[in-house]
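**Student:** First, the structure itself, so that you have it in front of you.
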């Protein structure tokens, strides 16, 4: 892990200590370097004793114009947190090596009054679209634990399921959600991705051979229920392959594994992901903990996306299941104070039809299972990153749900 000195010399403020799944939550705060700002005495006549006020005013005008031009051209993206205990974070624009990341703004405090966000420092409402965050906060995330009732065949869950849900075990400051998009090969975001406290990847997306583009670290991997029954079989079962053994694995669960009348119901578990999970835990009891999302998480998110379309009139409501990408982003919004997504909302740089950065022959095709266009519109609405910045870089930044006070 990098030292504070290494962090401060780069393009990101030193993060909180990385939290691992060991039954404790990270409580370390972000180390903010000193700004070195000094106050100037209000006795202006002593600063320029030989200069008349009119002359000083005349000189000040072009200086102000020059300052504004330089600020608009080279300024970083300023993001003000709304959590009472959070520090302001300055995110450098990509390619701006002069950004110092020194905080220059005070934290704002934003509260939800039931219909809109109110900045308590000014008493004025913020943009009404931010009301989406409080609705999204009601899409609760949790994972199955050993307190669940046994499945209908009487299998014992206690030895194989974690005692705590994932959101109670970890807390991160800054997180990266890395898509598997081919567009990532057109950027060199590897170092930036690895600098986060936690990195989430999907399914069997590799890092070896692509680290300059996608980074080399993986802390959490979200997989769909087709693994390992239909895809990624070797990577899943072979202990020599570290992809699943050294990472926290979360299994996407959209109504496949349910609790019905006090019993685990796996009748919709087409690819036997639940029993493959049990089998894996029996084979590799010392591997990192695996988790299964509770089925209500995906169902609630689908309903929220449907409500978003009905409210904004900007998309068509759909009964399709949310994609793994959207489930991953929302999961990390519950676990992290800040979430950076890489090509989840795509940039405009990729002119090919290729689907994945690690495959040169799989092309994009119409997705009949997920409403990808709706999800992208939803994230474009939620992100604090300007639209043109997302369009150019494919990087979108989101405030974590913990930063919003919703009552």
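In full-length UniProt numbering, the protein residues as written are 1 to 407.
Every residue gets a Cβ at the ideal spot worked out from N, C-alpha and C, and that includes glycine.
Less than 8 Å separating the beta-carbons of residue 415 and residue 216?
**Tutor:** With the chain running from 1 to 407 in the structure shown, residue 415 is simply not present.
**Student:** Applying the criterion that 16 or more other CB atoms from any shown protein chain within 10 Å of the CB defines a buried residue, is residue 334 buried or exposed?
**Tutor:** So residue 334 counts as buried.
**Student:** Using beta-carbon positions only, say whether residue 414 and residue 390 come within less than 8 Å of one another.
**Tutor:** In the structure as shown, the chain starts at 1 and stops at 407, and residue 414 therefore has no counterpart that could be examined.
**Student:** Sort 401, 395, 279 and 285 by Cα distance to residue 213 and report the nearest one.
**Tutor:** Looking at the Cα atoms, 395 is the closest of the given residues.
**Student:** How many whole angstroms separate the CB atoms of residue 175 and residue 336, which I take to be in contact at a CB cut-off of 8 Å?
**Tutor:** Sure, about 4 Å apart at Cβ, within 8 Å.
**Student:** By the 10 Å Cβ neighbour count, where 16 or more other Cβ atoms means buried, how is residue 314 classified, buried or exposed?
**Tutor:** So residue 314 ends up on the exposed side.
**Student:** Within the continuous alpha helix (DSSP H) that includes residue 390, where are the two ends?
**Tutor:** Taken as a continuous stretch (DSSP letters only), the alpha helix (DSSP H) holding residue 390 covers 387-393.
**Student:** Need the endpoints of the beta strand (DSSP E) that residue 176 sits in, please.
**Tutor:** It spans 172-178 - the beta strand (DSSP E) in which residue 176 sits, taken as one unbroken run.
**Student:** Please report the straight-line C-alpha distance between residue 283 and residue 238, rounded to a whole angstrom.
**Tutor:** Residue 283 and residue 238: Cα-Cα distance of roughly 11 Å.
**Student:** How about residue 302 and residue 321: do their beta carbons lie closer than 8 Å?
**Tutor:** It is a contact, given that the beta carbons lie within the stated cut-off.
**Student:** Look at the alpha carbon of residue 388 and the alpha carbon of residue 373, and state the distance between them as a whole number of angstroms.
**Tutor:** Roughly 18 Å between the two C-alpha positions.
**Student:** I'd like the list of long-range same chain contacts for residue 219, defined as Cβ closer than 6 Å, with 5 residues on each side in sequence excluded.
**Tutor:** If we look at residue 219 and ignore the five residues flanking it on each side, its Cβ neighbours are 198 and 199.
**Student:** Looking only at C-alpha atoms, which of 325, 260 and 210 sits nearest to residue 251?
**Tutor:** When only C-alpha atoms are compared, the closest one is 325.
**Student:** Residue 146 by DSSP, collapsed to three states: which one?
**Tutor:** Correct three-state label for residue 146: coil.
**Student:** For residue 205, which three-state DSSP category applies?
**Tutor:** Looking at residue 205 - three-state DSSP - the assignment turns out to be coil, as it is neither helix nor strand.
**Student:** Excluding the five sequence neighbours on either side, which residues of its own chain have a C-beta within less than 7 Å of the C-beta of residue 194, listed in chain order?
**Tutor:** Only 215, 216 and 217 meet the Cβ criterion.
**Student:** Here's the rule I'm using: 16 or more other beta-carbon atoms within 10 Å means buried, otherwise exposed. How should residue 350 be labelled?
**Tutor:** Buried, because 16 or more other Cβ atoms sit within 10 Å of the Cβ of residue 350.
**Student:** I need the straight-line Cα distance from residue 185 to residue 365, nearest angstrom please.
**Tutor:** Residue 185 and residue 365: Cα-Cα distance of roughly 19 Å.
**Student:** Looking only at its own chain, which residues have a Cβ that is under 6 Å from the Cβ of residue 235, when we skip the five neighbours before and after it?
**Tutor:** The residues are 204, 241 and 243.
**Student:** Tell me whether residue 293 is buried or exposed, calling it buried when 16 or more other Cβ atoms sit within 10 Å of its Cβ.
**Tutor:** Buried.
**Student:** Using only alpha-carbon positions, find the residue among 331, 359, 278 and 357 that is nearest to residue 146.
**Tutor:** Comparing Cα-Cα distances from residue 146 to each of 331, 359, 278 and 357, the minimum goes to 278.
**Student:** Between which residues of its own chain and residue 136 is the CB-CB distance below 8 Å, once the five residues before and five after are set aside?
**Tutor:** Here the set comprises 304, 330, 333, 382 and 401.
**Student:** Suppose you measure from the CA of residue 386 to the CA of residue 354; what does that come to, to the nearest Å?
**Tutor:** Computed Cα separation, rounded: 26 Å.
**Student:** Got a sec? Which residues, its chain only, sit under 8 Å from residue 310 by beta carbon, not counting five neighbours each side?
**Tutor:** The answer, listed in chain order, is 317.
**Student:** Taking C-alpha atoms, which residue in 249, 190, 233 and 328 lies nearest to residue 422?
**Tutor:** In the structure displayed, the chain extends from 1 to 407; residue 422 sits before or after that span and is not available.
**Student:** Have a look at residue 167 and residue 141 and give me their C-alpha separation to the nearest angstrom.
**Tutor:** Roughly 7 Å between the two C-alpha positions.
**Student:** By the 10 Å Cβ neighbour count, where 16 or more other Cβ atoms means buried, how is residue 341 classified, buried or exposed?
**Tutor:** So residue 341 counts as buried.
**Student:** Buried or exposed for residue 360, going by 16 or more other Cβ atoms inside 10 Å?
**Tutor:** Classification of residue 360: exposed, given that the 10 Å Cβ count is below 16.
**Student:** Taking the C-alpha atoms as reference points, what is the distance between residue 225 and residue 130?
**Tutor:** The alpha-carbon atoms of residue 225 and residue 130 are separated by roughly 33 Å.
**Student:** Determine the closest residue to residue 442 out of 376, 246, 222 and 285, with distance taken between C-alpha atoms.
**Tutor:** In the structure displayed, the chain extends from 1 to 407; residue 442 sits before or after that span and is not available.
**Student:** Among 362, 378 and 183, which has the Cα closest to the Cα of residue 323?
**Tutor:** Of the candidates 362, 378 and 183, the one whose C-alpha sits nearest the C-alpha of residue 323 is 378.
**Student:** Name the one or two DSSP bridge partners that residue 290 has.
**Tutor:** In DSSP, residue 290 forms a bridge with 249.
**Student:** So, residue 404 versus residue 210, is the Cβ gap smaller than 8 Å?
**Tutor:** No, Cβ-Cβ distance for residue 404 and residue 210 is not below 8 Å.
**Student:** Helix, strand or coil, according to DSSP, for residue 72 in the structure here?
**Tutor:** Since pLDDT at residue 72 reaches only 43, below the 50 mark, its modelled position is unreliable, and the value read off the structure follows with that caveat. If DSSP states are grouped into helix, strand and coil, residue 72 belongs with the helices.
**Student:** Residue 253 and residue 183: beta carbons closer than 8 Å?
**Tutor:** No, Cβ-Cβ distance for residue 253 and residue 183 is not below 8 Å.
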